[in-house]
Amino acid sequence: MSTAPTVAAIDIGTNSVKLLVCHGSDRFSDAIAVRLGEGMHTTRELQPEPIARTLDALRRLRSLADERGVAHLGVVATSATRDARNRDAFLDAAGEILGTRPIVLSGEEEGRLAYSGSCIDLPGGVGSPRLVVDIGGGSTELVVGADDALSVASIDLGCVRLTESHLRSDPPRADELTNAIGLVQDHLDDVIRDLPGILDVASIVGIGGTITTVAAVEVGLADYEALHGFWLSRHAAEDVFRTLATERLTDRVHNPGLPADRATIIVGGLCILVAVLRKLRADGLTLSRRAAVDGICAALVEDRWPLPNTAP
1 MSTAPTVAAI DIGTNSVKLL VCHGSDRFSD AIAVRLGEGM HTTRELQPEP
51 IARTLDALRR LRSLADERGV AHLGVVATSA TRDARNRDAF LDAAGEILGT
101 RPIVLSGEEE GRLAYSGSCI DLPGGVGSPR LVVDIGGGST ELVVGADDAL
151 SVASIDLGCV RLTESHLRSD PPRADELTNA IGLVQDHLDD VIRDLPGILD
201 VASIVGIGGT ITTVAAVEVG LADYEALHGF WLSRHAAEDV FRTLATERLT
251 DRVHNPGLPA DRATIIVGGL CILVAVLRKL RADGLTLSRR AAVDGICAAL
301 VEDRWPLPNT AP
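In this text, residue positions in the sequence shown follow full-length UniProt numbering: the first is 1, and each later residue adds one.
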């Protein structure tokens with residue numbers, strides 16, 4: 001029986017809130033779609049209904065953590081909260097529910113946690129030089145390096161934000177798709193200038209709901225955990241993009257592996273994914289089901305949380 005403490009991490013994202021509970025090698029995870037960033041494109045403020053959905057989800061995740069005897073809990077919030085002008089009231093309410101006020105991560109901090117978590121149990125471990133791509137709801141992080149020698153770029157485009165700003169038709173028009181992909185590629189031009197070596201990495205790791213869903217649709221598999229370590233080729237990603245981007249929402253939801261709550265934003269996420277693979281001339285990427293919550297749990301077990309760069 002493991003003597004390690006039971007620890008948990010909660011990640012409050014733009015599209016969903018995620019929980020990971022770890023006790024030794026045992027893991028329990030849950031995620032709830034809340035679309036916290038809904039309506040922020042024009043207002044830059046968190047809206048009442050998304051806030052209420054998110055707080056309800058946090059109550060459930062806190063209860064799940066308590067049921068499992070969690071001794072230490074780390075909580076972070078990312079893009080939507082980071083950009084919201086009214087974030088303090090939301091953070092106060094979340095802190096009352098969780099017993100600890102969420103730490104708002106910068107884009108760089110988010111990228112570093114995503115890197116450390118995603119590479120934990122992939123071949124080569126965290127020491128192998130690679131690029132980690134984390135497509136979120138409100139932002140996308142690209143991290144190049146190995147161990148702590150990391151270079152991070154964060155762009156304010158995620159599957160929710162790009163959908164709300166550019167993909168308003170059902171199905172999206174060809175010009176909407178072209179403009180969305182073009183916008184991402186324009187941002188990637190800046191990333192390539194800022195991240196030396198990004199075009200020369202030996203491998204690419206992809207994390208986040210968009211990439212997992214694309215892989216699930218490609219193989220018609222709803223068991224996301226079984227996709228950890230899956231190789232998603234650029235050709236397969238382009239095929240899924242062509243299929244989903246040309247379907248009306250009422251047809252798109254019937255694709256095996258595509259959850260109904262992600263059907264409205266998956267094309268926006270795919271625009272980001274194919275733009276990255278095209279711009280980097282990559283053959284594909286390896287999917288990791290590990291993420292920032294894994295990095296937080298590892299830090300909690302080793303009594304390193306909050307990390308120096310994430311302290312409130």
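In this text, a Cβ means the ideal position worked out from N, Cα and C, and glycines have one as well.
Cβ separation of residue i and residue j, assumed to be a contact under 8 Å, to the nearest whole Å
{"i": "I32", "j": "R62", "result": "About 12 Å; that fails the 8 Å criterion."}
{"i": "A222", "j": "A215", "result": "In fact, because the Cβ distance is near 11 Å, the residues do not count as touching under 8 Å."}
{"i": "I266", "j": "L258", "result": "7 Å"}
{"i": "L270", "j": "V205", "result": "Not a contact, Cβ separation roughly 18 Å."}
{"i": "L273", "j": "A237", "result": "6 Å"}
{"i": "L46", "j": "R87", "result": "7 Å"}
{"i": "T14", "j": "G138", "result": "4 Å"}
{"i": "T243", "j": "I135", "result": "No, T243 and I135 are not in contact; Cβ-Cβ is about 18 Å, not under 8 Å."}
{"i": "V184", "j": "L131", "result": "Not quite, the Cβ-Cβ distance comes to about 16 Å (not below 8 Å), so this is no contact."}
With 16 other Cβ atoms within 10 Å as the buried cut-off, status of residue i
{"i": "W231", "result": "exposed"}
{"i": "L249", "result": "exposed"}
{"i": "A298", "result": "buried"}
{"i": "H166", "result": "buried"}
{"i": "P50", "result": "buried"}
{"i": "T43", "result": "exposed"}
{"i": "E225", "result": "exposed"}
{"i": "E109", "result": "buried"}
{"i": "D121", "result": "exposed"}
{"i": "D83", "result": "buried"}
{"i": "S154", "result": "buried"}
{"i": "A4", "result": "exposed"}
{"i": "G25", "result": "As written in the sequence, residue 25 is Ser, which differs from the Gly given in the question. So S25 counts as exposed."}
{"i": "L91", "result": "buried"}
{"i": "G229", "result": "exposed"}
{"i": "S16", "result": "buried"}
{"i": "R262", "result": "buried"}
Where the beta strand (DSSP E) containing residue i begins and where it ends
{"i": "I135", "result": "130-135"}
{"i": "L105", "result": "L105 -> no beta strand (DSSP E), and no H or E assigned at all."}
{"i": "R290", "result": "Element bounds for R290: n/a, residue is neither H nor E."}
{"i": "V205", "result": "204-207"}
{"i": "H254", "result": "First-last for H254: undefined, no H or E at that position."}
{"i": "G74", "result": "72-77"}
Start and end residues, alpha helix (DSSP H) containing residue i
{"i": "F230", "result": "Taken as a continuous stretch (DSSP letters only), F230 belongs to no alpha helix (DSSP H), as it is neither H nor E."}
{"i": "H41", "result": "40-43"}
{"i": "S154", "result": "Here S154 belongs to no alpha helix (DSSP H); instead the beta strand (DSSP E) covers 149-155."}
{"i": "H166", "result": "159-166"}
{"i": "R234", "result": "234-245"}
{"i": "L98", "result": "87-98"}
{"i": "A59", "result": "Residue 59 is actually Arg in this sequence, not Ala. Start and end: 48-67."}
{"i": "T178", "result": "174-194"}
{"i": "R248", "result": "No alpha helix (DSSP H) holds R248; DSSP gives it neither H nor E."}
{"i": "R278", "result": "266-279"}
Strand pairing of residue i, partner residues [DSSP]
{"i": "E141", "result": "D134, S154"}
{"i": "K18", "result": "D11, A31"}
{"i": "A146", "result": "A149"}
{"i": "L285", "result": "L232"}
{"i": "H23", "result": "D26"}
Residue-chain proximity (residue i, chain D), Cβ-Cβ < 9 Å
{"i": "R59", "result": "The question asks about chain D, but that chain is absent: this structure has only one protein chain."}
Task: Meets three-Cβ-pair contact criterion under 8 Å: the stretch 155-175 and the stretch 281-290 - done: no
Open item on the list: When you compare the stretch 2-9 with the stretch 64-76, are there three or more beta-carbon pairs, one atom per stretch, that lie closer than 8 Å?
Closed with: Yes: at least three Cβ pairs fall under 8 Å.
Open item on the list: Using a Cβ distance threshold of 8 Å, determine whether the stretch 112-121 contacts the stretch 40-54, with at least three qualifying pairs required.
Closed with: no
Open item on the list: Using a Cβ distance threshold of 8 Å, determine whether the stretch 142-155 contacts the stretch 171-180, with at least three qualifying pairs required.
Closed with: no
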